[in-house]
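Contents: one structure, followed by commentary.
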Ligand SMILES: [Zn+2]
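Numbering (our numbering), first residue to last: 1 to 270.
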């Protein structure tokens, strides 16, 4: 989480109102897809929350089920604030999701600068999504035995967006760049991520190894001859090979099926 200073005075205001202990009442409104994360009775409406003193706006938002990685802009009483802003009785809080278009320049964006070259690490349940992202040329680390600590470490050390369906994982303070995956179907998940991070223009299919995430290089037929089935040796002239695991790729029937997947994905992205 970013450590942006909250607007000073929130707690002091509360103290001067005699609320040294006890409960404050704060109004919350969440926008766009953040409503999907709220308990049903709080979605799509202003709801009043009773909170103990002191409570930061970040803690209050997470207590409602919304991981901090999902909120990009928080406005309290008309001012854009950081997660650490202490809440006071009667505050009105509006929370906007990441990449929701808001044309307000002085706003405090809660996350660090967007990552210029978007790279991912996917949790153990998102193997099919990882392959689809690699198919589109995106760098996505994945192993079916990464534990949560490893995922967080990799995300931080390699500046990768952590992809997960686990809200608890994204609520960890250490996580700076994460994306909560909403859809169940891997194809829909890929559309969701590419759309949400505005990556449609960055798709470069068949540049990355689906098996290990390594980059593919064009290679001479002679160099890979020993690894080819006889039918492939006869019918194909263009080959590429993974820099990391050595796997060889050629434009066969499997390639056509993959090409159709990329085309379909692009059609969904408009
Ligand atoms: Zn490979």
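From the three backbone atoms N, C-alpha and C, an ideal C-beta is built for every residue, glycine too.
These figures come from a predicted structure and were not determined experimentally.
(request) Express the C-alpha separation of residue 260 and residue 237 in angstroms, rounding to a whole number. (result) Numbered from its first residue, the chain shown carries residue 237 at position 237. Numbered from its first residue, the chain shown carries residue 260 at position 260. If I take the Cα positions, the gap works out to 21 Å.
(request) Assuming residue 58 and residue 79 form a contact by the criterion Cβ under 8 Å, report the distance between their Cβ atoms to the nearest whole angstrom. (result) Position 58 of the chain shown holds residue 58. Position 79 of the chain shown holds residue 79. The C-beta distance from residue 58 to residue 79 rounds to 15 Å, too long to fall under 8 Å, and the pair is not in contact.
(message) Does residue 101 come out as helix, strand or coil in the three-state DSSP assignment?
(response) Numbered from its first residue, the chain shown carries residue 101 at position 101. For residue 101, the pLDDT reaches just 39, beneath the cut-off of 50, and the residue's location in the model is therefore unreliable, although a value from the coordinates is still provided. The three-state reading of DSSP puts residue 101 in coil, since its state is none of H, G, I, E or B.
(message) Quick check: does the Cβ of residue 159 come within less than 7 Å of any heavy atom belonging to ligand 1?
(response) The residue given as residue 159 occupies position 159 in the chain shown. No, the Cβ of residue 159 stays beyond 7 Å of every heavy atom of ligand 1.
(request) Examine ligand 1 and report whether any of its heavy atoms sits within less than 7 Å of the Cβ of residue 78. (result) What you label residue 78 is simply residue 78 of the chain shown in a count that begins at 1. Because no heavy atom of ligand 1 lies under 7 Å away, the Cβ of residue 78 does not count as near it: no.
(request) Measure the alpha-carbon distance for residue 183 versus residue 192 and round it to whole angstroms. (result) Counting from 1 along the chain shown, the entry for residue 183 is found at position 183. Counting from 1 along the chain shown, the entry for residue 192 is found at position 192. Straight through space, the alpha carbons of residue 192 and residue 183 are spaced by roughly 8 Å.
(request) Could you check what DSSP says for residue 176 in three-state terms: helix, strand or coil? (result) Start at 1 with the first residue of the chain shown, and residue 176 comes out as number 176. In this structure, residue 176 counts as coil in the three-state DSSP scheme.
(message) Quick check: the segment 64-75 against the segment 167-182, are at least 3 beta-carbon pairs closer than 8 Å?
(response) Three or more beta-carbon pairs separated by less than 8 Å link the segment 167-182 to the segment 64-75, which places the two stretches in contact.
(message) Bridge partners for residue 47 per DSSP, in chain order?
(response) Within the chain shown, numbered from 1, the residue matching residue 47 stands at position 47. Its beta-bridge partners are 28.
(request) Taking only heavy atoms of ligand 1 into account, decide whether any of them is closer than 7 Å to the Cβ of residue 242. (result) Taking the first residue of the chain shown as position 1, residue 242 is located at position 242. Within the cutoff, so yes.
(message) Quick check on the DSSP output: the alpha helix (DSSP H) that includes residue 266 runs from which residue to which?
(response) Against the chain shown, residue 266 aligns to sequence position 266. According to the DSSP assignment, residue 266 belongs to the alpha helix (DSSP H) that extends over 253-269.
(message) Using C-beta distances below 8 Å, list every residue in its chain close to residue 146, excluding the 5 sequence neighbours before and after it, in chain order.
(response) Looking up residue 146 in the chain shown gives position 146. For residue 146, where only same-chain residues beyond five positions count, the Cβ hits under 8 Å are 121, 123, 124 and 154.
(message) Using only the alpha-carbon positions, how far apart do residue 152 and residue 142 sit?
(response) As a working note, residue 152 is residue 152 in the chain shown. As a working note, residue 142 is residue 142 in the chain shown. Separation of residue 152 and residue 142 (C-alpha to C-alpha, rounded to the nearest whole angstrom) is 13 Å.
(request) Check each candidate in 263, 229, 257 and 258 and name the one with the smallest Cα separation from residue 248. (result) In the chain shown, the residue the question calls residue 248 occupies position 248. Scanning 263, 229, 257 and 258 for the CA closest to the CA of residue 248 turns up 229.
(request) Tell me whether residue 149 sits in a helix, a strand or coil according to DSSP, three-state version. (result) For the purposes of this step, residue 149 is identified with residue 149 of the chain shown, where counting begins at 1. Residue state, collapsed to three classes: helix.
(request) Could you tell me whether the Cβ atoms of residue 223 and residue 245 are closer together than 8 Å? (result) Counting from one through the chain shown, the residue named residue 223 turns up at place 223. Counting from one through the chain shown, the residue named residue 245 turns up at place 245. No, the Cβ-Cβ distance between residue 223 and residue 245 is not below 8 Å.
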